[in-house]
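Numbering (my numbering), first residue to last: 1209 to 1453.
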């Protein structure tokens, strides 16, 4: 059984975390498969993505502590980039790194049962990407969530602009699909341009986002054929023949 499923409804892609028995915790495989799913979505003719999860008990319990993932892989604008809109559909618990995932989406629909919770300060561990929460909700409230581990209900999240709509339990995914359908009536180029302006110019990337982006670029160099050629040329005392790959 795949830990991430993809369903197409017309021009809408519904990408679901599929580990309801583990409260949709993000394992290494989940992070990699989400990254791949969104990269495929970006290359496809699909125009809007809905990020959801199986079951209603939890959108996600965050990183799977028994199989810690490279969480950055599944974070929009960090592990993958797309100028197509992404709508998060949440219900139940949205914990730790899952908050980072949904806050980096463009829009969000939340079931009444949704509870946002970031307990890492009480556990002695953080990936740091949560720091960008201060650009998505009022500063003092974001600090309360991060430092005190205060839980934020769907209604409170709506009141402070963190989620766009609160809907009855069990209807969040359909409500997100309805919102995606509305987006299909808009000009794709305008949506792409506005999203680019917001994500690449207006919203400042946090330090961990910058670090992840830098690591990805350096990773390409470390994995390149040119590096292997350079090492071989040095050992053979000859001029390297670089190909740019």
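No residue lacks a Cβ here, since even glycine has one placed at the ideal position from N, Cα and C.
In chain order, what residues of the same chain have a beta carbon less than 8 Å from the beta carbon of residue i, not counting five sequence neighbours either side?
{"i": "residue 1378", "result": "1264, 1299, 1319"}
{"i": "residue 1404", "result": "1291"}
{"i": "residue 1437", "result": "1448, 1449, 1450, 1451"}
{"i": "residue 1376", "result": "1319, 1320"}
{"i": "residue 1241", "result": "1210, 1211, 1212"}
Counting along the chain, where does the alpha helix (DSSP H) carrying residue i start and finish?
{"i": "residue 1525", "result": "With the chain covering 1209 to 1453 only, the question about residue 1525 has no answer from this structure."}
{"i": "residue 1438", "result": "1433–1444"}
Excluding the 5 residues preceding and the 5 following residue i in the sequence, name in chain order all residues of the same chain whose CB lies nearer than 6 Å to its CB.
{"i": "residue 1380", "result": "1297, 1299, 1317, 1319"}
{"i": "residue 1391", "result": "1256, 1293"}
{"i": "residue 1372", "result": "1315, 1316"}
According to DSSP, which residues form a beta bridge with residue i?
{"i": "residue 1361", "result": "1323"}
{"i": "residue 1213", "result": "1224"}
To which residues of the same chain is residue i closer than 7 Å at the C-beta, ignoring the five residues directly before and after it?
{"i": "residue 1275", "result": "1235, 1236"}
{"i": "residue 1368", "result": "1345, 1346, 1349"}
{"i": "residue 1374", "result": "1318, 1320, 1362, 1363, 1366"}
{"i": "residue 1433", "result": "1451, 1453"}
Any heavy atom of the ligand GTP closer than 8 Å to the Cβ of residue i?
{"i": "residue 1229", "result": "The ligand GTP is absent from the structure shown, which contains no ligands of any kind."}
Just list the beta strand (DSSP E) runs in the stretch 1215–1297, keeping only unbroken ones of 3 residues or longer that don't cross its boundaries, in chain order. 1220–1225, 1256–1261, 1266–1268
For the stretch 1286–1302 and the stretch 1392–1402, state whether three or more C-beta atom pairs, one from each stretch, are separated by less than 8 Å. yes
Inter-stretch contact (C-beta, 8 Å, three-pair minimum) for the stretch 1251–1267 and the stretch 1218–1234: yes
Segments assigned beta strand (DSSP E), at least 3 residues, entirely inside the stretch 1365–1417: Within the stretch 1365–1417, the complete beta strand (DSSP E) runs of at least 3 residues are 1373–1375.
Report the start-end ranges of each beta strand (DSSP E) in the stretch 1298–1355 that is 3 residues or longer and not cut off at the edges. 1301–1303, 1315–1319, 1323–1325
Cβ contact (3+ pairs, closer than 8 Å) linking the stretch 1273–1285 and the stretch 1248–1255: No: the two stretches stay apart, fewer than three of their Cβ pairs being nearer than 8 Å.
Within the chosen definition, does the stretch 1414–1429 reach the stretch 1335–1343 through at least 3 CB pairs nearer than 8 Å? yes
Three-pair Cβ contact test at 8 Å for the stretch 1353–1364 versus the stretch 1323–1330: Yes: the two stretches touch, three or more of their Cβ pairs being nearer than 8 Å.
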